[in-house]
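S.K.:
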Amino acid sequence: MNEKLVLEQFFEGKIKILIPRTLTNKALVFYNPVMELNRDLTIVAVEAYAKLSNCKDFLACDPMAASGVRGIRLAVEVENIERKKIILNDIHPLSYKIILRNIEENNVENVCEAFNMDANMLLGLHASPKNRFNFIDLDPFGSPVPFLDSALRALKSGGLIALTATDVAPLCGVHPYAAFRKYGGFPLRTEYCHEIAVRLLIGCLTFSAAKHNIGIKPVFSYATNHYIRVYALCYYGASLADESIKKLGVIGHCFNCMNRIWIQEFFNLPVKCDFCMEKLSYAGPLWIKEIIDKSFCEKMLVELQSKDFKLKQREEKLLVKVIEEAEAPPTYYVIDKICDKLNIRSIKVDDAILKLKEKGFLAFKTHFKGSGLKTNATINDLKNILKESSSKV
């Protein structure tokens, strides 16, 4: 390339990074400022993990590091760990050079080490027990699935894995066969498709881990319009892998009346909806148990209080909602959509939750959608409450 390069400077968290651009402003190494919230939450998730696991020697890997921003932030910002080593890797030579430069700019040469290799090859070099990582972050462009097996073999028992999937359209049912090819489960294009996407990703992780006699425990999961993010603890043991597999199942949805069911089974599934007798459509196999560990996320929230992140207010709001819905049942209802179907005036989510609780049901807000709620009420119960409440508005 003959075009002259310039280095543009960015500040994020406590670090400074340099990103090369051409004079026509074309970025040559990937850096997405929109993912700052994602990276902020990585810092507090790792701190929560270290505190809860009493981790003193911390070895982490970002095998597709691009500019190195996430790994360098881990090196600079993660506190209360005695010994840290962060491995940063990227297959692209220019990215590798920029990672080295950014390591130098932030004075973390004693903590960070950079490599210029294929991600799976690097992870494969750490598959032996003594070389395994405490934390691996898979944040590729698209799906993390091609790297799952290598990452799982390179993770210590009790280690933390973080996955980002940016191929949201297939996971949300726009391209169902693409989702099935990659993730081993079918999505559904429902109003709660982002939660199905999270559960498909965890289901895929479960299957991949089970092949290596590894069980998993999701501790923090969330979704945005642009990506799905999952954190899970991984433990070696065939019996633990079996227990994880038992937490897989399917979600059945009725597109006529909006009823939904979840079943820990793959065979002899109900064909018709219990309420309207129309045909049920199914998503899965996918994870149907908890996608959030309340104590882990509460610890994240505690760690967040000491930070001065630019997006702290948004991050607090997200964690509070996630903690609130940690023990809620699968799927959520969108109040506006139900009211449209019933041809009645919509009511506020807070009012709907209050009415549900007055009737003795559990009800929770959800981070997945502002106009959504989770409840153990049936769709018919919820419709009746909305009709009653709407008539009084």
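Under my numbering, the sequence shown is numbered contiguously, ending at residue 393. Glycine residues also receive a C-beta, built at the ideal position from the N, C-alpha and C atoms.
(1) For residue 1, count the other beta carbons within 10 Å of its own beta carbon; 16 or more makes it buried, fewer makes it exposed. Which is it?
(2) Contact defined as beta carbons within less than 8 angstroms: I believe residue 352 pairs with residue 306. What is the distance between those atoms, to the nearest angstrom?
(3) Out of 345, 311, 27 and 65, point me to the one whose CA is closest to residue 164's CA.
(4) Can you look up residue 305 in the DSSP assignment and give me helix, strand or coil?
(5) DSSP three-state label for residue 293, please.
(6) What are the partner residues of residue 61, as DSSP defines its beta bridges?
(7) What distance in whole Å lies between the Cβ atoms of residue 91 and residue 114, which are believed to be in contact at a cut-off of 8 angstroms?
(8) Specify whether the segment 197 to 208 and the segment 375 to 390 touch according to this definition: at least 3 beta carbon pairs, one from each stretch, less than 8 angstroms apart.
(9) Where in the segment 101 to 167 do unbroken runs of the beta strand (DSSP E), each at least 3 residues long, occur, reported from the N-terminal end onward?
(10) Report yes or no: do the segment 217 to 237 and the segment 35 to 51 share at least 3 C-beta pairs separated by less than 8 angstroms?
(11) What separation, rounded to the nearest whole angstrom, lies between the Cα atoms of residue 224 and residue 194?
(12) If you scan the segment 204 to 262 from start to end, which runs of the alpha helix (DSSP H) of 4 or more residues do you find wholly inside it?
(13) Could you tell me how far apart the beta carbons of residue 73 and residue 39 are, in whole angstroms, since I believe they sit closer than 8 angstroms?
(14) Quick one: Cα of residue 144 to Cα of residue 322, how far?
(15) Go through its chain and collect everything with a Cβ distance to residue 253's Cβ below 6 angstroms, but skip five positions before and after it.
(16) Under a three-way DSSP split, which group does residue 394 fall into?
(17) Is residue 183 helix, strand or coil when you go by DSSP?
(18) So, under 8 angstroms CB-CB, residue 70 and residue 139 are touching, yes? Tell me the CB distance rounded to an integer number of Å.
(19) According to DSSP, is residue 354 helix, strand or coil?
(20) Go ahead and label residue 295 buried or exposed: buried means 16 or more other beta carbons lie within 10 angstroms of its beta carbon, across all protein chains shown.
(21) As a quick exercise: from 228, 20, 153 and 147, pick the residue whose alpha carbon is nearest that of residue 235.
(22) Please report the straight-line C-alpha distance between residue 343 and residue 328, rounded to a whole angstrom.
(23) What is the DSSP secondary structure of residue 264, reduced to helix, strand or coil?
(24) Determine, using beta-carbon pairs with one atom in the segment 55 to 65 and one in the segment 121 to 130, whether at least three such pairs fall under 8 angstroms.
(25) If you drop the 5 nearest sequence neighbours on each side, which residues of the same chain put their C-beta closer than 7 angstroms to that of residue 298?
(26) Would you mind giving the Cβ-Cβ distance between residue 192 and residue 331, rounded to the nearest angstrom? I have them listed as a contact below 8 angstroms.
(27) Looking at the structure shown, is residue 279 part of a helix, part of a strand, or coil, going by DSSP?
(28) By a C-beta neighbour count over all protein chains shown, 10 Å radius and 16 as the cutoff for buried, is residue 229 buried or exposed?
(29) Label residue 209 either buried or exposed according to how many other C-beta atoms from any shown protein chain fall within 10 Å of its C-beta, with 16 as the threshold for buried.
(30) Of the choices 130, 35, 348 and 293, whose alpha-carbon is the least far from that of residue 325?
(31) Using C-beta distances below 7 angstroms, list every residue in its chain close to residue 167, excluding the 5 sequence neighbours before and after it, in chain order.
(32) Under three-state DSSP, which class holds residue 41?
(33) Buried or exposed, going by whether 16 or more other CB atoms sit within 10 Å of the CB of residue 226?
M.R.: Taking the coordinates as given:
(1) Residue confidence for residue 1 is low, a pLDDT of 47 falling below 50, so the modelled location carries little weight; the figure read from the coordinates is stated next. It counts as exposed.
(2) Contact flag wrong, Cβ pair sits at about 36 angstroms.
(3) 65
(4) coil
(5) coil
(6) 87 and 136
(7) The Cβ separation is near 12 angstroms, so there is no contact.
(8) no
(9) 112 to 115, 133 to 138 and 155 to 165
(10) yes
(11) 8 angstroms
(12) 238 to 245
(13) 6 angstroms
(14) 23 angstroms
(15) 188, 190, 260 and 281
(16) There is no way to answer for residue 394, as the model of the chain reaches only from 1 to 393.
(17) helix
(18) 7 angstroms
(19) helix
(20) exposed
(21) 153
(22) 28 angstroms
(23) coil
(24) yes
(25) 323
(26) 5 angstroms
(27) strand
(28) buried
(29) buried
(30) 293
(31) 142 and 143
(32) helix
(33) exposed
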